[in-house]
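2 protein chains.
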Amino acid sequence: MPAQTTPDPLAHPTREEIELAAVLHALSDPVRLRMVRGLAGEGERTCGSFDVPVTKSTCTHHFKVLREAGLIRQRQEGTMRLNALREDDLEVRFPGLLRTILQAGESEAA
Amino acid sequence: MPAQTTPDPLAHPTREEIELAAVLHALSDPVRLRMVRGLAGEGERTCGSFDVPVTKSTCTHHFKVLREAGLIRQRQEGTMRLNALREDDLEVRFPGLLRTILQAGESEAA
Numbered sequence: 002m003p004a005q006t007t008p009d010p011l012a013h014p015t016r017e018e019i020e021l022a023a024v025l026h027a028l029s030d031p032v033r034l035r036m037v038r039g040l041a042g043e044g045e046r047t048c049g050s051f052d053v054p055v056t057k058s059t060c061t062h063h064f065k066v067l068r069e070a071g072l073i074r075q076r077q078e079g080t081m082r083l084n085a086l087r088e089d090d091l092e093v094r095f096p097g098l099l100r101t102i103l104q105a106g107e108s109e110a111a
Numbered sequence: 002m003p004a005q006t007t008p009d010p011l012a013h014p015t016r017e018e019i020e021l022a023a024v025l026h027a028l029s030d031p032v033r034l035r036m037v038r039g040l041a042g043e044g045e046r047t048c049g050s051f052d053v054p055v056t057k058s059t060c061t062h063h064f065k066v067l068r069e070a071g072l073i074r075q076r077q078e079g080t081m082r083l084n085a086l087r088e089d090d091l092e093v094r095f096p097g098l099l100r101t102i103l104q105a106g107e108s109e110a111a
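Residue numbers (the working numbering), protein chains in the order written: chain A, 2 to 111; chain B, 2 to 111.
Set out below in structure tokens:
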């Protein structure tokens, strides 16, 4: 019997599959940039732990964009979906990129 | 008589008005990123001088997006529209950002 091929609802690009255009697009939204800033240097966080002015479904959508771009890793634990920044993968793939963008975001917000 | 207020067809944001989200969005398109790479370290170039797989009107559109985001300065000289990268403005506004993104684009293309 062939292996089941149900598509993974939480598919992630491998490190090598992370594309610059997708990363820049994902970070070009101020809410998503704020979420990524909130994940930097932290462990795993749930959608609801972010103080952002969007509904839960919009939050879920933003995290999907971030996951598909390779910026975060998502995993399901019971009813909780946990999100973590892929800092190591991004640093290897595009050295200095994430840090520089987060710094730019901070200097703009200051 | 009040001064004429025809909108400037080639309006540019000031250095302080350049927004991170707009810069990242502008660079999240592979053709625009290639155009910016082609302008880096160069002087002024015309649309037609770029070897990109798009029509002239698409090229014009991409340059408009880049100008409105504050990435390039455009000026009209007779029938020619000249484009130059605002490297100094960008470096002051978001230190290291443009260089890091261009390097990431090169390592991806390699």
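From the three backbone atoms N, C-alpha and C, an ideal C-beta is built for every residue, glycine too.
Roughly how many angstroms separate the alpha carbons of B/Leu91 and A/Glu45, rounded to a whole number? On the second sequence, position 90 is the one that residue 91 of chain B refers to. On the first sequence, position 44 is the one that residue 45 of chain A refers to. One C-alpha to the other measures close to 33 Å.
- Message: Considering just the uninterrupted stretch of the alpha helix (DSSP H) at B/Leu11, what are its terminal residues?
- Response: Within the second sequence, the letter at position 10 stands for residue 11 of chain B. Neither: B/Leu11 is in no alpha helix (DSSP H) and is coded neither H nor E.
Requested in this report: Compare the beta carbon distance of A/Leu40 and A/Ala70 with 8 Å and say whether it is the shorter of the two.
Outcome: To locate residue 40 of chain A, count along the first sequence from 1; it is residue 39. To locate residue 70 of chain A, count along the first sequence from 1; it is residue 69. No, the Cβ-Cβ distance between A/Leu40 and A/Ala70 is not below 8 Å.
task: Report the residue from A/Leu103, A/Thr101, A/Thr80, A/Val37 whose alpha carbon sits nearest the alpha carbon of A/Lys65.
output: Residue numbering aside, residue 65 of chain A sits at position 64 when the first sequence is read from its first letter. By alpha-carbon distance to A/Lys65, the top candidate from A/Leu103, A/Thr101, A/Thr80, A/Val37 is A/Val37.
Next item on the list: Give the single residue among A/Leu21, A/Thr80, A/Cys60 whose Cα lies nearest to the Cα of A/Pro31.
Entry: Within the first sequence, the letter at position 30 stands for residue 31 of chain A. Ranking A/Leu21, A/Thr80, A/Cys60 by Cα distance to A/Pro31 puts A/Cys60 first.
Q | Interface flag, B/Glu92 vs chain A, CB-CB below 8 Å | A | Taking the second sequence and counting its residues from 1, one reaches residue 92 of chain B at position 91. No, B/Glu92 lies away from the interface with chain A (no Cβ there is under 8 Å from its Cβ).
Express the C-alpha separation of B/Glu78 and A/His13 in angstroms, rounding to a whole number. Position 12 of the first sequence, counted from the first residue, corresponds to residue 13 of chain A. Position 77 of the second sequence, counted from the first residue, corresponds to residue 78 of chain B. So the two alpha carbons sit approximately 49 Å from each other.
**Prompt:** Exposed or buried, which one is A/Thr7 when buried takes at least 16 other CB atoms within 10 Å?
**Reply:** For the purposes of this step, residue 7 of chain A is identified with residue 6 of the first sequence, where counting begins at 1. Exposed, because fewer than 16 other Cβ atoms sit within 10 Å of the Cβ of A/Thr7.
| said: Against chain B, does A/Thr47 count as a neighbour if the rule is that its beta carbon must be under 8 Å from one of theirs? | reply: Locating residue 47 of chain A in the first sequence gives position 46, counting from the first residue. No, because no Cβ of chain B sits closer than 8 Å to the Cβ of A/Thr47.
**Message:** Would A/Ile73 and A/Arg87 be called neighbours here (beta carbons separated by less than 8 Å)?
**Reply:** As a first step, residue 73 of chain A must be located in the first sequence, where it is residue number 72. As a first step, residue 87 of chain A must be located in the first sequence, where it is residue number 86. Closer than 8 Å, so yes.
Query raised in the report: Under three-state DSSP, which class holds B/Leu99?
Result: In the second sequence, counting from the first residue as 1, residue 99 of chain B sits at position 98. The answer is helix: DSSP assigns B/Leu99 an H, G or I state.
With 7 Å as the limit, tell me which residues of the stretch 53-71 of chain B have their beta carbon closer than that to any beta carbon of chain A; keep them in chain order. none
For A/Asp52 and A/Phe95, what's the separation of their Cα atoms in angstroms? For this step, residue 52 of chain A is matched to residue 51 along the first sequence. For this step, residue 95 of chain A is matched to residue 94 along the first sequence. Using only the alpha carbons, I get a separation of about 28 Å.
- Check whether A/His26 and B/Ser108 have beta carbons under 8 Å apart: Here residue 26 of chain A refers to the residue found at position 25 when the first sequence is read from its first residue. Here residue 108 of chain B refers to the residue found at position 107 when the second sequence is read from its first residue. Going by C-beta atoms, A/His26 is not nearer than 8 Å to B/Ser108.
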